[in-house]
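Student: In the numbering used here, the protein residues as written are 1 to 221.
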Amino acid sequence: MNKNISIQSINIKSKAEELKADHQSAKTAYCKEPVQQEVIFLTLTGFEGDIVVDKKHHGGNDKAICCYNSDRFSHWKSELGFDLEFAAFGENLTLEGESALEENVFIGDRYQLGEAIVEVSEPRGPCYMIGIRYNFKPFPALCQQTGFTGFYFRTIKEGVVKKTDKLIHLSSHPEKISVMHVNQIRYHDNKNKAELQRLVNLEELTLEWRERFEVLLRKLG
Numbered sequence: 001m002n003k004n005i006s007i008q009s010i011n012i013k014s015k016a017e018e019l020k021a022d023h024q025s026a027k028t029a030y031c032k033e034p035v036q037q038e039v040i041f042l043t044l045t046g047f048e049g050d051i052v053v054d055k056k057h058h059g060g061n062d063k064a065i066c067c068y069n070s071d072r073f074s075h076w077k078s079e080l081g082f083d084l085e086f087a088a089f090g091e092n093l094t095l096e097g098e099s100a101l102e103e104n105v106f107i108g109d110r111y112q113l114g115e116a117i118v119e120v121s122e123p124r125g126p127c128y129m130i131g132i133r134y135n136f137k138p139f140p141a142l143c144q145q146t147g148f149t150g151f152y153f154r155t156i157k158e159g160v161v162k163k164t165d166k167l168i169h170l171s172s173h174p175e176k177i178s179v180m181h182v183n184q185i186r187y188h189d190n191k192n193k194a195e196l197q198r199l200v201n202l203e204e205l206t207l208e209w210r211e212r213f214e215v216l217l218r219k220l221g
């Protein structure tokens, strides 16, 4: 399988807004919009012009780019009853194709993105904001259950990115641990000592996730 990934849309949000649902409300920059300019600069912490409101849980070098595959939209349409658009999951990159599915994206793999270089750092941990945006409280839990979470890139090298660029696969991590596998261990198989230890030892996985798995491992004794 060709590991290069096609990008449908680059999305950012420059101003925060109040988002309301029946069960909750929040100030957020979640509802990103496709960029209009032909080029955009990727910094160590994300695309220029994109803001992060909840800096405790989002942003930073390890979460510089949030990605989601539009191939999953048809599944969510069956749950929600309506079509989804680019940036539906608050993602910076709306991707497409088999090579961008969670089971085919591996922690530590590196890609060229225009002048920049990025590395897969962790699965996206679906937060309550998805539920607020669509007024559907169970949405985050459903993302976890299916493993259709999307994922994050960290920035290895800053650079200019064009709207027409693709993610060009540069290198594969020798452990070959997919985003889907990490989700499987966290949400469905969190008593698997061997796999928990394997993830704790995976340096390219973010410290936040490794510490979470380390706690689970200690509880098992």
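The beta carbon of each residue, even a glycine, is placed where N, CA and C say it ideally should be.
Bridge partners for I65 per DSSP, in chain order?
Tutor: Per DSSP, F153.
Student: Going by C-alpha distance, which of N2, T28, C66 is nearest I10?
Tutor: Per the Cα distances, C66.
Student: Inspect the beta-carbon positions of H79 and F151 and report whether they are closer than 9 Å.
Tutor: It should be pointed out that residue 79 corresponds to Glu in this sequence rather than to His. No, Cβ-Cβ distance for E79 and F151 is not below 9 Å.
Student: Answer yes or no: do S70 and F86 have a C-beta to C-beta separation smaller than 9 Å?
Tutor: A contact, by the Cβ cut-off of 9 Å.
Student: Taking 9 Å as the cut-off, decide whether the C-beta atoms of I130 and F89 are in contact.
Tutor: In this structure, F89 lies closer than 9 Å to I130 by Cβ.
Student: Beta strand (DSSP E) containing V52: first to last residue?
Tutor: Segment: none, V52 is in no beta strand (DSSP E) and carries neither H nor E.
Student: Among the residues of its own chain, which have a CB less than 7 Å from the CB of M180, if the five just before and after it don't count?
Tutor: Excluding positions up to five away in sequence, the list reads E102, E103, G147.
Student: Thinking I117 and K63 are a contact (beta carbons under 8 Å), I'd like their distance in whole angstroms, please.
Tutor: The pair is not a contact, with the Cβ atoms about 16 Å apart (cut-off 8 Å).
Student: Applying the 10 Å Cβ sphere with the 16-neighbour rule, what's the burial state of G221?
Tutor: Under this definition G221 is an exposed residue.
Student: What first and last residue would you give for the beta strand (DSSP E) that runs through A116?
Tutor: Its beta strand (DSSP E) spans residues 116-123.
Student: Is the shortest distance between the beta-carbon of T45 and the beta-carbons of chain B less than 9 Å?
Tutor: No chain B is present in this structure, which holds just one protein chain.
Student: Given that a residue counts as buried once 16 or more other Cβ atoms are within 10 Å of its Cβ, and exposed if not, what is R218?
Tutor: So R218 counts as exposed.
Student: Given L84, which residues of its chain have a CB within under 7 Å of its CB, disregarding the five upstream and five downstream residues?
Tutor: Counting only Cβ-Cβ distances below 7 Å, and skipping sequence neighbours, we find F73, W76, K77.
Student: Can you tell me which of S6, E38, L93 puts its alpha carbon nearest to the alpha carbon of F153?
Tutor: Looking at the Cα atoms, L93 is the closest of the given residues.
Student: For F213, is the classification buried or exposed, using 16 other Cβ atoms within 10 angstroms of its Cβ as the cut-off for buried?
Tutor: By the 10 Å Cβ count, F213 comes out buried.
Student: For Q112, name the three-state secondary structure that DSSP assigns.
Tutor: In the structure shown, Q112 sits in a strand (DSSP, three-state: E or B).
Student: What residues are listed by DSSP as bridge partners for E96?
Tutor: Beta-bridge pairing links E96 to S6.
Student: On the three-state DSSP scale, how would you describe K219?
Tutor: K219 falls in the helix class under three-state DSSP.
Student: Could you tell me if P126 is buried or exposed, where buried requires 16 or more neighbouring beta carbons within 10 angstroms of its beta carbon?
Tutor: Buried, since its Cβ has 16 or more Cβ neighbours within 10 Å.
Student: Starting from F139, trace the alpha helix (DSSP H) both ways and give me its first and last residue.
Tutor: 139-146 is the span of the alpha helix (DSSP H), which, as asked, contains F139.
Student: Use the C-beta contact count for L196: other C-beta atoms within 10 angstroms, 16 or more gives buried, fewer gives exposed.
Tutor: Classification of L196: buried, given that the 10 Å Cβ count is 16 or more.
Student: Please classify H181: does DSSP put it in a helix, a strand, or coil?
Tutor: Of the three classes helix, strand and coil, the one that applies to H181 here is helix, per DSSP.
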